[in-house]
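In the order they appear, the protein sequences are chains A and B.
Heads up, the first sequence is in my numbering, so the first residue is -17 and it goes up one at a time.
Heads up, the second sequence is in my numbering, so the first residue is 3 and it goes up one at a time.
Take a look at the structure set out below.
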Amino acid sequence: MQDDLLNMDCRELRDGIAAGRIKSITVAEAVFERIEQYEPIVGAYITTFKEHALAKAEEIDAQITAGKQVGQLAGVPIAVKDVLCTTFGATTCASKILENFHAPYNATVIEKLLSADAVIVGKTNMDEFAMGSSTENSGLKQTVNPWDTSRVPGGSSGGSTAAVAGRLCFAALGSDTGGSIRQPASFCGVVGLKPTYGRVSRFGLVAYGSSLDQIGPITRTVADSALMMNVIAGHDPADSTSVDEKQAPVCDYLEKLDEPVKQLKIAVVPQFNAGAESQVQTAIADAIDVYKNLGAEIIEIEMPHLDYAIAAYYIVATAEASSNLARYDGVHYGHRSENAEDYIEVYSKSRAEGFGKEVKRRIMLGTYALSSGYYDAYYLKALKVRSLIRSDFTKAFENCDCIMMPVSPTTAFKIGEKTDDPLKMYLSDVYTIAANLAGVPAVSIPCGFDENNLPIGLQILAPAFGEDRLLRIARMYEARTDWHKKKPAIV
Amino acid sequence: MAKKIDQTQVRKVALLSRLELTEAEVAEFTGQLSAILEYVEKMNELDTDDVQPLAHCLPISNCFRADCVKESLGTEKTLGNAPQRDGEFFKVPKIIDSV
């Protein structure tokens, strides 16, 4: 009975709560009971808010009993990545430097979740400052993949995807700078959407690569992704890069979700896909066949600059990171070294003690790329390559509705397998990075399993601000397959 | 082939980044950053002479708001996370040497 409850999707759950058929408090208690049982195995959360959440659930039940209107996520237990500022609990970014940081304001998406009457369960683990592809770079704890606890959940939003897959919440928020929502979603067999750059406010999202970062939903179904977008999308005066709704109106992403896109034209990039493991390639080809059987036209295209995406990304992202992370100075907030003799050492020792290795590496790489004498060769060059990558997308979308490709060249890898070789880890981001450089939306949906019963994700990329059609296309596949209904053995 | 970046350069970048590194870290980062930079040079296969750099994907610039007074955080909240404070101030070690 309780398992049935935990396996419901957000929409069913919310409607059941709003209609008084299900008590919000029953749901919240069930989630925390599950967290007590499985969180010691999965390690998805940095902080949980049991008392807070149960009180909020009771408040929602009272409102419903009193006949009051409730929000779109009324009583739905939701987890948020610990890169989002909250006035309750710490906001750590899984870094020792922010371990005791208490944000003085809520991120805009947090305010939106609260106004939609969501019950925020806790804050999830991640690679430190969202830098990584396995959540192994967390400075605070380890998260494992619910499908195989000897493997990584992916990253950097690995805590969020593990929590959703492990039924430790019903949906979660993540952030995606180079694939950090989509790749862990594919590793954990859930739906992960990176919206168009500018669609969701970044206010209160701790910055990593500001021209690439975007917040998005991690859910078990495409409909839940649409529901979450209905809550979080839209212009925010506090984020000057969030887009004006006159320019790109936000729509009701659920309204037409079940209407298939007519005369769908899908592009594939055969040469680029060849780099994936054969089982991944087969799963992607089978998924595309499902669309073909639905009447979609499949065209083969070339995107000659995609092969340069990783190179451009690791310069652009680290350059932006080196600037963004200069704020951790041991003066205003965050860790301050007790061994500093003078003010320079306050900076250099606090940062040395507070940051983990990957963060240091990226700060150094970015600083180097921006330094005098190297700026043109690295940073400027990367911005030009970025421009070429974006034109590949512009050209491609003149001739198709969406592009399909793998999310990751492999399924979830073993814990420790890539930690000694940062470049090897970077190369695993090959399929996800381009969407961030071009600013376009992309989703990962479950599309099969490999021989080790590890989930595989199908990535669908669409033109900027085309989330409504993107989700409809994703839904066409989901409606005809059962992959999204499969559960990890521990569930 | 010569390394893309040597230990002296790594030390200089660490100084610019205000990161105190151990000798072991200098050695480790020199090797890793060299490998990454070598990979990144792949970009040089592309002729980009006539390409405009793209720093940002959105066609928006100069987002202004009305110049009016709004509520701000206030002293207590602003200083709430300070590692060390002295009344209404952030406390830091002495910056100017005494004469």
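Every residue, glycine too, gets a C-beta built ideally from N, C-alpha and C.
Neighbour flag for residue i against chain B, beta carbons, 9 angstroms
{"i": "A/V398", "result": "As written in the sequence, residue 398 of chain A is Gly, which differs from the Val given in the question. Chain B contact via Cβ: absent."}
{"i": "A/F337", "result": "yes"}
{"i": "A/K228", "result": "no"}
{"i": "A/R372", "result": "yes"}
{"i": "A/P445", "result": "no"}
{"i": "A/L347", "result": "yes"}
{"i": "A/E118", "result": "no"}
{"i": "A/V328", "result": "yes"}
{"i": "A/P86", "result": "yes"}
{"i": "A/N82", "result": "yes"}
{"i": "A/T404", "result": "Sequence check: residue 404 of chain A is Pro here, not Thr. With 9 angstroms as the cut-off, A/P404 counts as an interface residue toward chain B."}
{"i": "A/S260", "result": "no"}
{"i": "A/G312", "result": "yes"}
{"i": "A/P219", "result": "yes"}
{"i": "A/D271", "result": "no"}
{"i": "A/I297", "result": "yes"}
{"i": "A/T393", "result": "no"}
{"i": "A/S353", "result": "yes"}
{"i": "A/S222", "result": "yes"}
Among the options, nearest to residue i - alpha-carbon criterion
{"i": "A/N88", "options": "A/K105, A/L96, A/K78 and A/T69", "result": "A/T69"}
{"i": "A/P388", "options": "A/Q165, A/D(-3), A/G140 and A/P128", "result": "A/Q165"}
{"i": "A/V58", "options": "A/C75, A/K50 and A/E11", "result": "A/E11"}
{"i": "A/R462", "options": "A/A189, A/Y273 and A/K105", "result": "A/Y273"}
{"i": "A/F379", "options": "A/V250, A/N306 and A/Y310", "result": "A/V250"}
{"i": "A/D374", "options": "A/D289, A/R344 and A/I28", "result": "A/D289"}
{"i": "B/K79", "options": "B/L21, B/K72 and B/E90", "result": "B/E90"}
{"i": "B/L81", "options": "B/K93, B/E73 and B/S63", "result": "B/K93"}
{"i": "A/I442", "options": "A/F395, A/E399 and A/C384", "result": "A/C384"}
{"i": "A/K38", "options": "A/T73, A/L95 and A/S410", "result": "A/L95"}
Integer Cβ distance of residue i from residue j, believed to fall under 8 angstroms
{"i": "A/K238", "j": "A/A278", "result": "With 8 angstroms as the limit, A/K238 and A/A278 do not qualify as a contact, their Cβ atoms being about 17 angstroms apart."}
{"i": "A/G439", "j": "A/I427", "result": "7 angstroms"}
{"i": "B/L35", "j": "A/L347", "result": "6 angstroms"}
{"i": "A/D43", "j": "A/I7", "result": "6 angstroms"}
{"i": "A/I79", "j": "A/G336", "result": "3 angstroms"}
{"i": "A/I415", "j": "A/I292", "result": "6 angstroms"}
{"i": "A/K176", "j": "A/G198", "result": "5 angstroms"}
{"i": "A/V204", "j": "A/G216", "result": "Not confirmed; about 20 angstroms, so no contact."}
Chain A within 9 angstroms of residue i, Cβ atoms only
{"i": "B/K5", "result": "no"}
{"i": "B/E22", "result": "yes"}
{"i": "B/G89", "result": "no"}
{"i": "B/E25", "result": "no"}
{"i": "B/P95", "result": "yes"}
{"i": "B/V42", "result": "yes"}
{"i": "B/A29", "result": "no"}
{"i": "B/C59", "result": "yes"}
{"i": "B/T50", "result": "yes"}
{"i": "B/Q9", "result": "no"}
{"i": "B/E47", "result": "yes"}
{"i": "B/N83", "result": "yes"}
{"i": "B/C65", "result": "yes"}
{"i": "B/T80", "result": "yes"}
Close-in-space but distant-in-sequence residues of the same chain around residue i (CB under 7 angstroms, 5 per side omitted)
{"i": "A/T178", "result": "G421, V422, P423, A446, F447 and E449"}
{"i": "A/R202", "result": "D(-9), V146, V172, V173 and H466"}
{"i": "A/D195", "result": "S157, T159, R184, L187 and A189"}
{"i": "B/M3", "result": "Here B/M3 scores only 48 on pLDDT, less than 50, and its place in the model should not be relied on; the value that follows carries that caveat. Within the same chain, B/M3 has no close Cβ partners at all."}
{"i": "A/T30", "result": "I17, V103 and G104"}
{"i": "A/G71", "result": "T29, F31 and K105"}
{"i": "A/Y356", "result": "Y350"}
Close-in-space but distant-in-sequence residues of the same chain around residue i (CB under 6 angstroms, 5 per side omitted)
{"i": "A/A208", "result": "Y235, L236, L239 and L453"}
{"i": "A/D206", "result": "D(-9), C(-8) and A153"}
{"i": "A/S116", "result": "V134 and G137"}
{"i": "A/P242", "result": "M458"}
Contacts around residue i, its chain only, beta-carbon distance under 8 angstroms, and the 5 residues preceding and following it disregarded
{"i": "A/D268", "result": "C429 and G430"}
{"i": "A/P252", "result": "E282"}
{"i": "A/V126", "result": "I23, V24, G25, S132, R133, V134, P135, A144 and I397"}
{"i": "A/D402", "result": "none"}
{"i": "A/V262", "result": "P388, S390, P391, T392, T393, D432 and I438"}
{"i": "A/N255", "result": "Q263, I266, M387 and P388"}
{"i": "A/E340", "result": "D109, E110, M113, G114, N119 and P404"}
{"i": "A/M(-17)", "result": "Reliability fails at A/M(-17), whose pLDDT of 49 lies under 50, so the model's placement of it is uncertain and no value is given."}
Any non-hydrogen atom of the ligand SAM closer than 8 angstroms to residue i Cβ
{"i": "A/E279", "result": "The ligand SAM is not part of the structure shown, which contains no ligands of any sort."}
| request: Could you pull out every unbroken beta strand (DSSP E) segment of at least 3 residues lying fully inside the segment 180 to 266 of chain A, listed in chain order? | output: Restricted to the segment 180 to 266 of chain A, the beta strand (DSSP E) segments that are unbroken, complete and at least 3 residues in length are 196 to 201 and 247 to 250, listed in chain order.
| query | Unbroken alpha helix (DSSP H) runs of length 4 or more, entirely within the segment 17 to 85 of chain A: which are they? | reply | Listed in chain order, they are 32 to 47.
| task | Mind listing, in chain order, the continuous alpha helix (DSSP H) runs of no fewer than 4 residues lying wholly within the segment 357 to 421 of chain A? | result | The qualifying runs are 363 to 379, 404 to 409 and 415 to 420.
| Ranges of the beta strand (DSSP E) found wholly within the segment 428 to 452 of chain A, counting only runs of at least 3 | Whole beta strand (DSSP E) segments, 3+ residues: 437 to 443.
| query | Residue ranges of each beta strand (DSSP E) run of no fewer than 3 residues wholly in the segment 93 to 162 of chain A, ordered along the chain? | reply | The DSSP assignment places complete beta strand (DSSP E) segments of no fewer than 3 residues inside the segment 93 to 162 of chain A at 101 to 106 and 153 to 158, in order along the chain.
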